[in-house]
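Engineer:
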Amino acid sequence: MLSQILSTRKTRCAVLLLVLVICMYMGLIRLITFHHIPRQKPEVRNVWSDSCPSWPTVPASQGSDQGNTSLRFPDSAPSQQMANMLLRILRERLQSVTDRPFPDFSKPCDLSSPDLPACTSYNCKDKISPYLEDRVKDILSSPELQLTNEHREAIATFSKMFPADDIIIVSATSSNHFGETQKMFKSLHEVVYPTLKNFTVVLVDIGLTEVERKKAEAKCRCRVVQFPHHLFPAHVKVNNCYSFKPISVLAAIQKARRMVIWQDSSVRWTTGLHHIIQRAELYGSQIIRSHGSARVTAHTLKQPFDYMKREVCAFTAFPEIEACAQVHKHDPVTLRLILEPWARCGLERCCICPVPPGPVLPCVKKISQHRCQRFDQSALTMVLGRLLDKDFQKLVMPDQFEQKPIFYKLGGDELHDYF
Numbered sequence: 001m002l003s004q005i006l007s008t009r010k011t012r013c014a015v016l017l018l019v020l021v022i023c024m025y026m027g028l029i030r031l032i033t034f035h036h037i038p039r040q041k042p043e044v045r046n047v048w049s050d051s052c053p054s055w056p057t058v059p060a061s062q063g064s065d066q067g068n069t070s071l072r073f074p075d076s077a078p079s080q081q082m083a084n085m086l087l088r089i090l091r092e093r094l095q096s097v098t099d100r101p102f103p104d105f106s107k108p109c110d111l112s113s114p115d116l117p118a119c120t121s122y123n124c125k126d127k128i129s130p131y132l133e134d135r136v137k138d139i140l141s142s143p144e145l146q147l148t149n150e151h152r153e154a155i156a157t158f159s160k161m162f163p164a165d166d167i168i169i170v171s172a173t174s175s176n177h178f179g180e181t182q183k184m185f186k187s188l189h190e191v192v193y194p195t196l197k198n199f200t201v202v203l204v205d206i207g208l209t210e211v212e213r214k215k216a217e218a219k220c221r222c223r224v225v226q227f228p229h230h231l232f233p234a235h236v237k238v239n240n241c242y243s244f245k246p247i248s249v250l251a252a253i254q255k256a257r258r259m260v261i262w263q264d265s266s267v268r269w270t271t272g273l274h275h276i277i278q279r280a281e282l283y284g285s286q287i288i289r290s291h292g293s294a295r296v297t298a299h300t301l302k303q304p305f306d307y308m309k310r311e312v313c314a315f316t317a318f319p320e321i322e323a324c325a326q327v328h329k330h331d332p333v334t335l336r337l338i339l340e341p342w343a344r345c346g347l348e349r350c351c352i353c354p355v356p357p358g359p360v361l362p363c364v365k366k367i368s369q370h371r372c373q374r375f376d377q378s379a380l381t382m383v384l385g386r387l388l389d390k391d392f393q394k395l396v397m398p399d400q401f402e403q404k405p406i407f408y409k410l411g412g413d414e415l416h417d418y419f
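Residue numbers for the sequence shown follow the working numbering, so the first one is 1 and each next one is one higher.
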């Protein structure tokens, strides 16, 4: 009897001791894991902890009544000689475009209507100047559209990852678009690689696994570079803010002797790409605007307009462009007046991604203004609107060449065994 009791006590003690050892072991594992598993950085979690500042209404004198015969800028802006050169080249280019239809957006805005076409707010006190010299001055003298020295250094560091070539085709991808990217490269290998000369394709890794990256490097016939998030503000780490796009385009064009071509993974070029390259040589840039695009004010939150210190109503006449495919010539006009202002907006959270992107990605609200945020598209549309006004359409690439589409946009068109 006594031996049974002792045996039972020993068993209980052994069980308790085992439980204690297990608990201590689990606690140690948790302590080690806590210190060694990468955690989301506080700056990423708190990207939107501060609200964007609002901006008061501009005075009625914002728009100029007559064009300037001589541009004048603050000391921090480009030299007078540089500014006049940019104005001259841009004016000559715009005057040379004669084959693009001129859409009529003069219809008065009816913000009570569910329709969202571009329109004119005739009562708006803040107006885009009708004079090109005023608009060039506006871009060059606005601090919110100019890169700082720190910005230039960061983008130059990123640019060193790109190879030098006449033409650089650049795209970006992450794991959730890897199948689409493989299909994009199949199309490039079949359509573009056999006919285009002196070019390099660069794939910017914004979230591939190590296995995916190695597959791409082995099969893409391209250069794969890692996006250097550590060089840029916290919101740039959030892919759905799309800041990586203007930053990547600006980094790439610094190594492109002739031009840079951006394409999303959904883009499938046809042989019409050669025609678009020729147009970019003549006119500087080729962008895309779909027929029936909503006005940019409907698909952009109010904060980006506040960031640019402009009234929303000044931009109702500009339909949003698509940023999925674009071609830019490497020259001072494209750099200083389009790509650098676009990149500056991409570097500023309040300009490109003022709130967490998830809830504002879908444009489904039944309202006429600020239904959603189009991020890189909104930013580029606003920059081009300020620069080009009614000449906006002159840089829009044609839909077809020789009665065939220039490209196809095929979202969800995937191939998972090409690499």
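For every residue, glycine included, the Cβ atom is placed at its ideal position computed from N, Cα and C.
Quick caveat, the model's predicted, so the values are computed rather than measured.
State yes or no: is the C-beta of Leu203 within less than 7 Å of the C-beta of Val224?
Structural biologist: On the sequence shown, residue 203 is found 203 positions in, with the first residue counted as 1. On the sequence shown, residue 224 is found 224 positions in, with the first residue counted as 1. Cβ distance < 7 Å, so Leu203 and Val224 count as in contact.
Engineer: Since Ser285 and Val327 are thought to touch, with beta carbons under 8 Å apart, how far apart are those beta carbons, to the nearest angstrom?
Structural biologist: Looking up residue 285 in the sequence shown gives position 285. Looking up residue 327 in the sequence shown gives position 327. At roughly 7 Å, the Cβ-Cβ gap stays under 8 Å, so Ser285 and Val327 are in contact.
Engineer: Which term fits Phe102, buried or exposed, when burial requires 16 or more other beta carbons within 10 angstroms of its beta carbon?
Structural biologist: On the sequence shown, position 102 is the one that residue 102 refers to. Exposed: under 16 other Cβ atoms inside 10 Å.
Engineer: Give me the Cα-Cα distance between His151 and Glu402, rounded to the nearest whole angstrom.
Structural biologist: In the sequence shown, the residue the question calls residue 151 occupies position 151. In the sequence shown, the residue the question calls residue 402 occupies position 402. Distance between the alpha carbons of His151 and Glu402 is about 42 Å.
Engineer: Does DSSP put Cys313 in a helix, a strand or coil?
Structural biologist: Residue 313 sits at position 313 when you count from the first residue of the sequence shown. Correct three-state label for Cys313: helix.
Engineer: For His235, which beta-bridge partners are listed by DSSP?
Structural biologist: Locating residue 235 in the sequence shown gives position 235, counting from the first residue. DSSP output for His235 lists no bridge partner at all.
Engineer: What residue from Arg279, Leu87, Ala343, Tyr122 has the CA that sits closest to Pro233's CA?
Structural biologist: What you label residue 233 is simply residue 233 of the sequence shown in a count that begins at 1. Of the listed residues, the one whose Cα sits closest to Pro233 is Ala343.
Engineer: Which same chain residues, not among the five before or five after Asp391, have their C-beta less than 6 Å away from its C-beta?
Structural biologist: Against the sequence shown, residue 391 aligns to sequence position 391. Excluding sequence neighbours, Asp391 sits near Leu94.
Engineer: Got a sec? Which residues, its chain only, sit under 6 Å from Cys350 by beta carbon, not counting five neighbours each side?
Structural biologist: The count along the sequence shown starts at 1 and reaches residue 350 at position 350. So the qualifying residues of the chain are Cys52, Gln303, Tyr307.
Engineer: I think Ile410 touches Ser266, with their Cβ atoms under 8 Å apart; what is that distance to the nearest whole Å?
Structural biologist: Mapped onto the sequence shown, residue 410 falls at position 410. Mapped onto the sequence shown, residue 266 falls at position 266. The sequence shown places Leu at residue 410, not Ile. The Cβ separation is near 6 Å, so the contact holds.
Engineer: Measuring only the C-alpha atoms, how far is Thr181 from Glu210?
Structural biologist: Within the sequence shown, the letter at position 181 stands for residue 181. Within the sequence shown, the letter at position 210 stands for residue 210. Distance between the alpha carbons of Thr181 and Glu210 is about 16 Å.
Engineer: Would Trp269 and Val192 be called neighbours here (beta carbons separated by less than 7 Å)?
Structural biologist: Locating residue 269 in the sequence shown gives position 269, where the first residue counts as 1. Locating residue 192 in the sequence shown gives position 192, where the first residue counts as 1. For Trp269 and Val192, yes; Cβs fall inside 7 Å.
Engineer: At what residues does the alpha helix (DSSP H) containing Tyr283 begin and finish?
Structural biologist: On the sequence shown, position 283 is the one that residue 283 refers to. Here the alpha helix (DSSP H) through Tyr283 covers 273-283.
Engineer: Rounded to a whole number of angstroms, what is the C-alpha to C-alpha distance between Ile155 and Val260?
Structural biologist: Numbered from 1 along the sequence shown, position 155 holds the residue referred to as residue 155. Numbered from 1 along the sequence shown, position 260 holds the residue referred to as residue 260. Rounded to whole angstroms, Ile155 to Val260 spans 15 Å at the Cα level.
Engineer: Helix, strand or coil: how does DSSP classify Thr173 here?
Structural biologist: For the purposes of this step, residue 173 is identified with residue 173 of the sequence shown, where counting begins at 1. Three-state DSSP puts Thr173 in a strand.
Engineer: What distance in whole Å lies between the Cβ atoms of Lys394 and Arg100, which are believed to be in contact at a cut-off of 8 Å?
Structural biologist: The residue given as residue 100 occupies position 100 in the sequence shown. The residue given as residue 394 occupies position 394 in the sequence shown. So it is a contact: roughly 5 Å between Cβ atoms.
Engineer: Around the C-beta of Gly358, are 16 or more other C-beta atoms found within 10 angstroms, so that it is buried, or is it exposed?
Structural biologist: For the purposes of this step, residue 358 is taken as residue 358 along the sequence shown, with counting starting at 1. Exposed.
Engineer: Taking just the CA atoms, how far does Lys183 sit from Glu414?
Structural biologist: For this step, residue 414 is matched to residue 414 along the sequence shown. For this step, residue 183 is matched to residue 183 along the sequence shown. Each residue's alpha carbon lies about 5 Å from the other.
Engineer: Helix, strand or coil for Tyr193, going by three-state DSSP, please let me know.
Structural biologist: Residue mapping note: residue 193 aligns to position 193 of the sequence shown, counting from 1. DSSP places Tyr193 in coil when its eight states are reduced to three.
Engineer: Between the beta-carbon of Ala164 and the beta-carbon of Lys255, is there less than 7 Å?
Structural biologist: Taking the sequence shown and counting its residues from 1, one reaches residue 164 at position 164. Taking the sequence shown and counting its residues from 1, one reaches residue 255 at position 255. Yes.
Engineer: Can you name, in chain order, every residue of its own chain whose Cβ lies under 7 Å from the Cβ of Arg371, other than the five neighbours on each side?
Structural biologist: Position 371 of the sequence shown, counted from the start, is the residue given in the question as residue 371. Correct list, in chain order: Ala298, His299, Cys363, Lys365.
Engineer: Mapping the DSSP letters down to three states, classify Ser157 as helix, strand or coil.
Structural biologist: Residue 157 sits at position 157 when you count from the first residue of the sequence shown. The residue asked about is misnamed: residue 157 is Thr in this sequence, not Ser. Helix.
Engineer: Taking C-alpha atoms, which residue in Ser106, Lys160, Leu347 lies nearest to Asp376?
Structural biologist: As a first step, residue 376 must be located in the sequence shown, where it is residue number 376. Of the candidates Ser106, Lys160, Leu347, the one whose C-alpha sits nearest the C-alpha of Asp376 is Leu347.
Engineer: Report the residue ranges of all alpha helix (DSSP H) runs contained in full by the segment 349-394; include only those spanning at least 4 residues, in chain order.
Structural biologist: Complete alpha helix (DSSP H) runs here, min 4: 349-352, 357-360, 376-388.
Engineer: Who are Val249's beta bridge partners in DSSP?
Structural biologist: Here residue 249 refers to the residue found at position 249 when the sequence shown is read from its first residue. Val249 pairs with nothing; no bridge assigned.
Engineer: Out of curiosity, what's the CA-to-CA distance linking Phe185 and Gln278?
Structural biologist: One-based indexing of the sequence shown puts residue 185 at position 185. One-based indexing of the sequence shown puts residue 278 at position 278. Each residue's alpha carbon lies about 23 Å from the other.
Engineer: Which term fits Gly292, buried or exposed, when burial requires 16 or more other beta carbons within 10 angstroms of its beta carbon?
Structural biologist: On the sequence shown, residue 292 is found 292 positions in, with the first residue counted as 1. Looking at its Cβ environment, which holds fewer than 16 other Cβ atoms inside 10 Å, Gly292 is exposed.
Engineer: Which residue marks the beginning of the alpha helix (DSSP H) containing Met259, and which one marks its end?
Structural biologist: Counting from 1 along the sequence shown, the entry for residue 259 is found at position 259. First-last for Met259: 256-263, but that is the beta strand (DSSP E), not the alpha helix (DSSP H).
Engineer: So, under 8 Å CB-CB, Met85 and Ile276 are touching, yes? Tell me the CB distance rounded to an integer number of Å.
Structural biologist: Taking the first residue of the sequence shown as position 1, residue 85 is located at position 85. Taking the first residue of the sequence shown as position 1, residue 276 is located at position 276. Rounded, the Cβ-Cβ distance is 26 Å, inconsistent with contact.
Engineer: Among Tyr418, Glu133, Gln400, Gly179, which residue has its Cα nearest to the Cα of Ser290?
Structural biologist: The residue given as residue 290 occupies position 290 in the sequence shown. The option with the nearest alpha carbon to Ser290 is Gln400.
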